[in-house]
Amino acid sequence: MNQGTPRLAVLATAVVIGAAGLAGCATGPVDRRALCTGFDKLGSELMSANGLFDNAVFASAGDLADLADRYQGGGLSADATALERISDADATNGFELERATSGTAKVCGHPLGLGTTSYAETGSGSTQANGGYGSYGGYGYSPPTESVTSTAPEPPTSSSPTTPAGDEVSARATLQQQVDTDRTQVETLADKWVPQLSSKNHGLVAHGTTYDYRAIWADFTATRQAYPSALLLWSGDYTSYTKGDFWVTVANQSFPTGAAANAWCVAEHLDADHCFAKLVSHTHGPRGSTLPR
1 MNQGTPRLAV
11 LATAVVIGAA
21 GLAGCATGPV
31 DRRALCTGFD
41 KLGSELMSAN
51 GLFDNAVFAS
61 AGDLADLADR
71 YQGGGLSADA
81 TALERISDAD
91 ATNGFELERA
101 TSGTAKVCGH
111 PLGLGTTSYA
121 ETGSGSTQAN
131 GGYGSYGGYG
141 YSPPTESVTS
151 TAPEPPTSSS
161 PTTPAGDEVS
171 ARATLQQQVD
181 TDRTQVETLA
191 DKWVPQLSSK
201 NHGLVAHGTT
211 YDYRAIWADF
221 TATRQAYPSA
231 LLLWSGDYTS
241 YTKGDFWVTV
251 ANQSFPTGAA
261 ANAWCVAEHL
271 DADHCFAKLV
281 SHTHGPRGST
291 LPR
C-alpha cells in the first residue's frame, strides 16, 4: 500500500502537467482558418437554436471569444469582449450575437449563421467569402430608417422559390414570397402600432454595406433568428410609409399607442436604431405614423 501511494502521486502530477501542457497549446495566436471555424460553429449553433439558446450556443460564444482575442490579424478585441460577456450571461439573442461578431464577420466574409467561410486565402488571409449569399464585407445592422441614400428599386415580383439561391433574381423572389406568406398576419396589425425592427431597400448604403436583395434577405433572416415570429412587409402596400420601396421587418406585436410599442423595444433591450414604433395602415398617411425613441 505504501509503495502504491508514490505511484499515484506521480500519476496525478503527470496528469496535472499534461493538462497544463494542453492548456499552454491554446495560448498562441490563431490564423483565419481557426477563427472562422469557430465563427461558423457558432453560426451553426445559432441557426439550429430557433431562438431557444442552449449551453452549446454560450459555449461556442466563449470559444470564439478566445479565438478572436488571439487572432493573429488583430483588431477583434471588441468582438472578444462582447462574446465573453455573452458566454457568461444567462440569456442572449440573435441581435446581440450578430453585433458581437461584426468584426469577425468581416474577416470571414459572411454574416453569422449565413453561409460558410471560404479558405482560399490570398495575401493577408482576409479574403472574403460569399458563402452562397454574395460577397458583402462590413455586414451589420443599420438604423431601420427610410431616409437613406438608395438607387431606384424595381417593384417586387410574384415569383416564389422556397429558398434564396446565390443570385439576385432568386433572392428577390424569396423576399416577395415571404411578404406574401406574412401578409395575412400583417393585416391583423393594420391601424395599430408595431415595433419596427428593420427597413431595407435595394441599393441602400449603410454602415459600409450596399444592400442588394441577397443582403436584404440575410438581414431579415438574421432578425428572425432573434424573433422567430417577426414579419416581412412591403412598404408600398401601406399608405403610412413615406416611400413605397422598402422591405420592412416588424415584430408580430401590436399596441394601441406608439409609446407602448417603444416600451416593448426597451423591454427587449433593443436600441433606438434597431427598434421604434410604427403605425402600419392602409388609410393613415406618413405624417404622425412614426414615433422615434
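Sequential numbering from 1 applies to the sequence shown in the UniProt record's numbering.
No residue lacks a Cβ here, since even glycine has one placed at the ideal position from N, Cα and C.
With contacts defined by Cβ atoms closer than 9 angstroms, residue 100 and residue 194 do not form a contacting pair. Rounded to whole angstroms, the Cβ separation of residue 198 and residue 182 is 14 angstroms, and the two are not in contact under 8 angstroms.
Taking residue 56 as the centre and dropping the five residues before and after it, the same chain places the C-beta of 45 closer than 7 angstroms to its C-beta, in chain order. Residue 189 is a Cβ neighbour of residue 231, given a cutoff of 9 angstroms. Contact between the segment 60-73 and the segment 233-242 is absent: fewer than 3 CB-CB pairs across the two stretches fall below 8 angstroms.
Sequence-distant Cβ neighbours of residue 191 in its own chain, meaning closer than 6 angstroms and more than five residues away, are 281. The Cβ atoms of residue 248 and residue 241 lie closer than 9 angstroms to each other.
Under DSSP, the beta-bridge partners assigned to residue 71 are 30. Nearest to residue 290 by C-alpha distance, out of 258, 104, 273, is 258. Per DSSP, residue 229 lies in no beta strand (DSSP E) segment and is marked neither H nor E.
Between the C-alpha atoms of residue 33 and residue 172 there is a straight-line separation of about 32 angstroms. CA-CA distance, residue 286 to residue 87, rounds to 42 angstroms. Exposure of residue 207 is indicated by the presence of fewer than 16 other C-beta atoms within 10 angstroms of its C-beta.
An exposed status is given to residue 267, since fewer than 16 other beta-carbon atoms sit within 10 Å of its beta-carbon. With a 10 Å radius around the Cβ and a threshold of 16 neighbouring Cβ atoms, residue 29 comes out exposed.
Exclusion of the five residues before and after residue 80 leaves 65, 68, 69 as the residues of its chain whose Cβ lies within less than 7 angstroms of its Cβ. Judged by their CB atoms, residue 113 and residue 196 are not nearer to each other than the 9 angstroms cut-off. Boundaries cannot be given for residue 204, as no alpha helix (DSSP H) includes it and DSSP labels it neither H nor E. Spanning the alpha carbons of residue 82 and residue 92 requires a straight line of approximately 11 angstroms.
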